[in-house]
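Following: one structure in structure tokens, then a few remarks.
Number of protein chains: 2
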Amino acid sequence: MEKILIIEDELSIAELERDYLELNHYEADIAATGQEGLECLKANSYRLVLLDLMLPDMDGYEVCRKIREVSEIPIIMVTAKNEDIDMIRGLGRGADDYIAKPFNPNQLIARVKAHIARYDRLVSTGQNKDEDIRIGDLLIQPVTRKVFVNNEERTLTAKEFDLLLFMASSPNQVFSKEHLLEQVWGFEFYGDVTTVTVHIRRLREKIEKDPSKPEYIGTVWGVGYRFKR
Amino acid sequence: MEKILIIEDELSIAELERDYLELNHYEADIAATGQEGLECLKANSYRLVLLDLMLPDMDGYEVCRKIREVSEIPIIMVTAKNEDIDMIRGLGRGADDYIAKPFNPNQLIARVKAHIARYDRLVSTGQNKDEDIRIGDLLIQPVTRKVFVNNEERTLTAKEFDLLLFMASSPNQVFSKEHLLEQVWGFEFYGDVTTVTVHIRRLREKIEKDPSKPEYIGTVWGVGYRFKR
DNA sequence: GAAATTTGTAATAACTATATAATGTTTTGG
DNA sequence: CCAAAACATTATATAGTTATTACAAATTTC
Numbered sequence: 487m488e489k490i491l492i493i494e495d496e497l498s499i500a501e502l503e504r505d506y507l508e509l510n511h512y513e514a515d516i517a518a519t520g521q522e523g524l525e526c527l528k529a530n531s532y533r534l535v536l537l538d539l540m541l542p543d544m545d546g547y548e549v550c551r552k553i554r555e556v557s558e559i560p561i562i563m564v565t566a567k568n569e570d571i572d573m574i575r576g577l578g579r580g581a582d583d584y585i586a587k588p589f590n591p592n593q594l595i596a597r598v599k600a601h602i603a604r605y606d607r608l609v610s611t612g613q614n615k616d617e618d619i620r621i622g623d624l625l626i627q628p629v630t631r632k633v634f635v636n637n638e639e640r641t642l643t644a645k646e647f648d649l650l651l652f653m654a655s656s657p658n659q660v661f662s663k664e665h666l667l668e669q670v671w672g673f674e675f676y677g678d679v680t681t682v683t684v685h686i687r688r689l690r691e692k693i694e695k696d697p698s699k700p701e702y703i704g705t706v707w708g709v710g711y712r713f714k715r
Numbered sequence: 487m488e489k490i491l492i493i494e495d496e497l498s499i500a501e502l503e504r505d506y507l508e509l510n511h512y513e514a515d516i517a518a519t520g521q522e523g524l525e526c527l528k529a530n531s532y533r534l535v536l537l538d539l540m541l542p543d544m545d546g547y548e549v550c551r552k553i554r555e556v557s558e559i560p561i562i563m564v565t566a567k568n569e570d571i572d573m574i575r576g577l578g579r580g581a582d583d584y585i586a587k588p589f590n591p592n593q594l595i596a597r598v599k600a601h602i603a604r605y606d607r608l609v610s611t612g613q614n615k616d617e618d619i620r621i622g623d624l625l626i627q628p629v630t631r632k633v634f635v636n637n638e639e640r641t642l643t644a645k646e647f648d649l650l651l652f653m654a655s656s657p658n659q660v661f662s663k664e665h666l667l668e669q670v671w672g673f674e675f676y677g678d679v680t681t682v683t684v685h686i687r688r689l690r691e692k693i694e695k696d697p698s699k700p701e702y703i704g705t706v707w708g709v710g711y712r713f714k715r
């Protein structure tokens, strides 16, 4: 079972978090202080840390930094709403995401899942994530960020390239627009999903022979898009 | 898995280094003497060497020299005092980098990663560190630190040259400003990324025919810069 | 230790990518 | 075959990035 570590001094909040996690088939340990949290980390193997910003013994940043000295485990900071300026500081210091109290339980679970998945991808693909991808007449070079169709370069913008690379890294897998927004645009981005539609359109314009009959980027009606191999 | 060789007589430090490396998905062997280290190198295939300056049988320089007789593998020297570093740097004995005890684990890992990546780049481009680089009308001489455009010398400052050489060593690869800061300015440097922008500007001024339409140093919008071949 | 050069920073101008909205088209289920 | 939903297409304003300039701080040179 996947274990999550909750570092939070207010027991009521910690238990609330644990309840939601357990409802979603995670197991959760609670540590009331930063020190206790660090000890739990040493003694156990967790998939993710939920870290309160305000702790009795040391602040969340400090804990975050100490965790990062030994591990790349995903860290989600939990903060009170009015502290959002400082949240950015937290992200700069090694946290992967932040969520404001009071939080939406679904969002919490969604983020936990997403970060665990991201981490796994990072680790598992760590070796060949820079390797060229060749599919049909299409060549994608992650290192140079260049894309060729029939050995002819097509210049993509940053987002276009990121989107293409993400999809082409898992060919034939269907991604919902929401999923693509989350993975390519990032968790902070709360825009409209039509953004994805438009980007898919522009991508097709650049890499497909006939954008209205795409051979690389397929539409899966009612579900999302897939990169066909 | 990537293997690292630790040559260090103090077991507690060696084990600390190994722990950090293993947390970051490296495998590490420990050798307590220079002689033992050299034997490990013969018997195994490593990606990098962490080399203590003070060893019981021979000093780090000696070991370094002996390694260099047979291999161009990245070597990071680990030294006791900060002051020693400046002295060592001046000597230029073939180590690729230096780090002082007590070291920051993140920095250690960051440097290990960076040097392995750099080594791979050099190998894949089939280029020796000191070999001249010729691209179009541009000639870069690492040994003399001179740069010519159409056989006409352009005098660059130290940073300008380092930046140009770094980028030109991996043509077409896209580097973010953060990456350039880290690699060219060093890990200790915590300045603003606009510094990179300005240096790029100055470089273009000196080597491009029309700096506003650069043919060597290209801008990759939203990502960084690339040296075009 | 003064002068000259290099380097870093800050301010603002110029530019590009991209999000969004509006409108048109295709698909699907009843 | 119709209506509703999902997607495609297009145009545009804006947010975000980079270029440029000027200046201050640091470093090197003499």
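Quick mapping for you: the protein sequence lines, in order, are chains A and B. Numbering of the first sequence is given in our numbering, commencing with residue 487 and proceeding in unit increments. Numbering of the second sequence is given in our numbering, commencing with residue 487 and proceeding in unit increments. Ideal Cβ positions, reconstructed from N, Cα and C, are used throughout, including at glycine.
Cβ of residue i within 9 Å of any chain A Cβ
| i | result |
| --- | --- |
| B/Q659 | yes |
| B/P762 | Outside the displayed span of chain B (487 to 715) sits residue 762 of chain B, for which this structure offers no information. |
| B/L534 | no |
| B/G708 | yes |
| B/D505 | yes |
| B/R712 | yes |
| B/L624 | no |
| B/L667 | no |
| B/L509 | yes |
Among the options, the one whose alpha carbon lies nearest that of residue i
| i | options | result |
| --- | --- | --- |
| A/N636 | A/T681, A/L625, A/T643 | A/L625 |
| A/E638 | A/K695, A/L667, A/I585, A/R687 | A/K695 |
| A/Y506 | A/Q593, A/D543, A/M540 | A/Q593 |
| B/P542 | B/A566, B/K714, B/Q521, B/P560 | B/Q521 |
| A/S656 | A/E494, A/R554, A/Y702 | A/Y702 |
| A/K489 | A/N658, A/C526, A/G622 | A/C526 |
| A/D582 | A/R551, A/A566, A/P588, A/F589 | A/R551 |
| A/S662 | A/T680, A/L651, A/E674 | A/T680 |
| B/I686 | B/F675, B/Y676, B/K699 | B/K699 |
| A/D538 | A/A600, A/T705, A/E617, A/A566 | A/A566 |
| B/Y512 | B/D495, B/M487, B/T519, B/Y532 | B/M487 |
| B/D495 | B/V564, B/E617, B/W707 | B/V564 |
| B/E689 | B/T641, B/M544, B/V609 | The question names Glu, but residue 689 of chain B in the sequence shown is Leu. Of the candidates B/T641, B/M544, B/V609, the one whose C-alpha sits nearest the C-alpha of B/L689 is B/T641. |
| B/D616 | B/T643, B/G708, B/L608 | B/L608 |
| B/V706 | A/E646, A/Y584, A/V549, A/I585 | A/E646 |
| B/V709 | A/P697, A/E674, A/T643 | A/T643 |
| A/I692 | A/G704, A/G672, A/E674, A/V633 | It should be pointed out that residue 692 of chain A corresponds to Lys in this sequence rather than to Ile. It is A/V633 whose Cα lies nearest to the Cα of A/K692. |
Residue-chain proximity (residue i, chain B), Cβ-Cβ < 9 Å
| i | result |
| --- | --- |
| A/V635 | no |
| A/R604 | no |
| A/S655 | no |
| A/S557 | yes |
| A/A529 | no |
| A/A586 | no |
| A/I574 | Residue confidence is low: A/I574 scores 45 on pLDDT, short of 50, so the model does not pin down where it sits. No coordinate-derived value is stated. |
| A/R631 | yes |
| A/A645 | Before going further, note that residue 645 of chain A is Lys rather than Ala in the sequence given. Answer yes: the Cβ-Cβ gap between A/K645 and chain B drops below 9 Å somewhere. |
Beta-carbon gap between residue i and residue j smaller than 9 Å
| i | j | result |
| --- | --- | --- |
| A/V670 | B/P591 | no |
| A/G523 | A/L497 | no |
| B/I602 | B/N510 | no |
| A/L649 | A/V598 | no |
| B/L536 | B/E501 | no |
| A/T630 | B/Q659 | yes |
| B/L666 | B/Y605 | no |
| B/L534 | B/I499 | no |
| A/F454 | A/A654 | What is shown of chain A runs 487 to 715, which leaves residue 454 of chain A out entirely. |
| B/I493 | B/A529 | no |
| A/Y532 | A/D545 | no |
| A/L651 | A/I621 | no |
| A/A600 | A/E668 | yes |
Bridge-paired residues (DSSP) for residue i
| i | result |
| --- | --- |
| A/K632 | A/Q627 |
| B/E488 | B/Y512 |
| A/V660 | A/R712 |
| A/I621 | A/L624 |
| A/E494 | None, per the DSSP bridge assignment. |
| A/K587 | A/A566 |
Proximity test, residue i beta-carbon vs the ligand ATP heavy atom, cut-off 8 Å
| i | result |
| --- | --- |
| B/V660 | Looking for the ligand ATP in the displayed structure turns up nothing, as the structure carries no ligands at all. |
Contiguous beta strand (DSSP E) assignments of at least 3 residues, all confined to the stretch 513 to 584 of chain B = Fully enclosed beta strand (DSSP E) runs of no fewer than 3 residues occupy 534 to 538, 561 to 565 of the stretch 513 to 584 of chain B, in order along the chain.
Hey, which unbroken runs of the alpha helix (DSSP H) at 4 residues or more fall wholly within the stretch 634 to 707 of chain A?
-> Every unbroken stretch of the alpha helix (DSSP H) spanning 4 or more residues and falling wholly within the stretch 634 to 707 of chain A is given here in chain order: 644 to 655, 663 to 666, 680 to 693.
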